[in-house]
Each structure stands twice: as structure tokens, then as C-alpha cells.
Amino acid sequence: MRKRQAKKRPLLPDPKFNDQLVTRFVNMMMWDGKKSVAFKIFYDAIDVVEQKKQDDEKTGLELWKDALSNVMPHVEVRSRRVGGATFQIPMQIRPDRKVSTAMKWLISFARKRNEKSMAQKLASEILAAAKEEGAAVKKRVDTHKMAEANKAFSHFRF
Numbered sequence: 001m002r003k004r005q006a007k008k009r010p011l012l013p014d015p016k017f018n019d020q021l022v023t024r025f026v027n028m029m030m031w032d033g034k035k036s037v038a039f040k041i042f043y044d045a046i047d048v049v050e051q052k053k054q055d056d057e058k059t060g061l062e063l064w065k066d067a068l069s070n071v072m073p074h075v076e077v078r079s080r081r082v083g084g085a086t087f088q089i090p091m092q093i094r095p096d097r098k099v100s101t102a103m104k105w106l107i108s109f110a111r112k113r114n115e116k117s118m119a120q121k122l123a124s125e126i127l128a129a130a131k132e133e134g135a136a137v138k139k140r141v142d143t144h145k146m147a148e149a150n151k152a153f154s155h156f157r158f
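Taking full-length UniProt numbering, the leading residue of the sequence shown gets 1, the next gets one more, and so forth.
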């Protein structure tokens with residue numbers, strides 16, 4: 001290998017919840033380097049989740065973490081060429097990739113919703129995912145189904 005693997009930069013925990021996962025999420029949500037705007041959207045979304053939630057034993061942040069773990073995929077399919085044919089091969093996902101995939105899906109499906117503000121879109125996607133429904137959870141289920149369907153090709157794993 002010529003190039004060394006890039007060093008993981010330490011993330012600063014966010015100011016409100018003191019959590020690195022929140023910072024990572026906000027960094028993914030951010031557009032054009034506008035971090036303060038992204039933080040405001042996230043905190044507003046968590047406040048909306050706090051107001052809309054049914055059960056009283058969990059905070060908005062805990063609901064967000066539940067939503068994230070509900071969206072997290074455990075297997076994915078990867079394309080691999082074997083003798084002129086391309087196979088979809090199911091593979092386990094690394095833990096850090098699980099988290100980032102879940103975040104990407106949560107953000108992208110929140111953006112596709114049709115509420116007024118991004119904070120409201122994100123809040124409703126979080127609430128849906130926490131209840132094991134919504135587009136992001138459906139994406140995870142579809143990914144798992146695809147991996148299950150292509151289990152016959154798992155012997156091509158590299």
C-alpha cells in the first residue's frame with residue numbers, strides 16, 4: 001500500500017448535549033460550511049421531538065439515538081465482478097460505517113419530506129424512525145432484504 005490510511009480527527013462534542021455523535025450528525029447535515037445554522041436546525045428539531053413525543057420516560061436526544069439505531073443497517077450488498085458477471089454480495093458493515101450510513105439516510109429522507117422547515121422535517125423523520133416506521137427505516141429493511149436475497153453469492157466474499 002502506497003498511501004497510509006488517513007488519521008481519524010477527534011470531534012469536539014456539541015455545546016448543548018456534550019455528545020460527539022451529535023457533532024458528527026450536524027457535520028453531515030451542514031451545507032456550505034454553515035455549522036451554526038446546522039446546529040440550530042438540529043436543536044430546533046430535538047425541541048420539536050420533545051414536544052411531540054408520546055412517552056415521558058425518554059428525552060428528545062434519547063429518541064434521536066433510538067431512531068439512529070433503528071435506521072442502522074447490519075448488512076449491505078457490494079458489487080463484485082466474477083468472470084464477466086457482476087454479483088451483489090452481502091457483507092457485514094463496519095461499526096463506524098453503520099452509524100454514518102444511518103445518519104446519511106436519516107438526513108436525506110428528512111430533506112425529502114414536505115413540512116415547512118428542515119427542523120420540522122428532521123423531527124418528524126426522527127419520530128417516525130424511533131417508532132420503526134418512515135422512509136429511512138424502510139431503506140434499512142430493503143437493504144437487509146436485498147442482502148438476504150443475494151445470500152447465495154456470499155461465497156464470493158473477498
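All C-beta atoms in this analysis are idealised placements derived from N, C-alpha and C, irrespective of residue type, glycine included.
Just so we're clear, the structure is a prediction, and the values are computed from it rather than from any experiment.
Residue i and residue j closer than 9 Å at C-beta
| i | j | result |
| --- | --- | --- |
| residue 124 | residue 115 | yes |
| residue 206 | residue 149 | Nothing in the structure corresponds to residue 206, since the chain is present only between 1 and 158. |
| residue 99 | residue 61 | no |
| residue 30 | residue 122 | no |
| residue 102 | residue 71 | yes |
| residue 140 | residue 73 | yes |
| residue 63 | residue 127 | yes |
| residue 35 | residue 26 | yes |
| residue 147 | residue 82 | no |
| residue 143 | residue 77 | yes |
| residue 109 | residue 134 | yes |
| residue 39 | residue 10 | no |
| residue 156 | residue 80 | yes |
Coil, strand or helix - residue i by DSSP
| i | result |
| --- | --- |
| residue 15 | coil |
| residue 62 | helix |
| residue 151 | helix |
| residue 145 | helix |
Residue i: first and last residue of the uninterrupted alpha helix (DSSP H) it sits in
| i | result |
| --- | --- |
| residue 20 | 20-29 |
| residue 36 | 35-52 |
Minimum Cβ-Cβ distance from residue i to chain C less than 9 Å
| i | result |
| --- | --- |
| residue 102 | In the displayed structure, chain C is absent; only one protein chain is listed. |
Beta strand (DSSP E) runs contained entirely in the region 58-143, provided each spans 3 or more residues | 75-82 and 85-92
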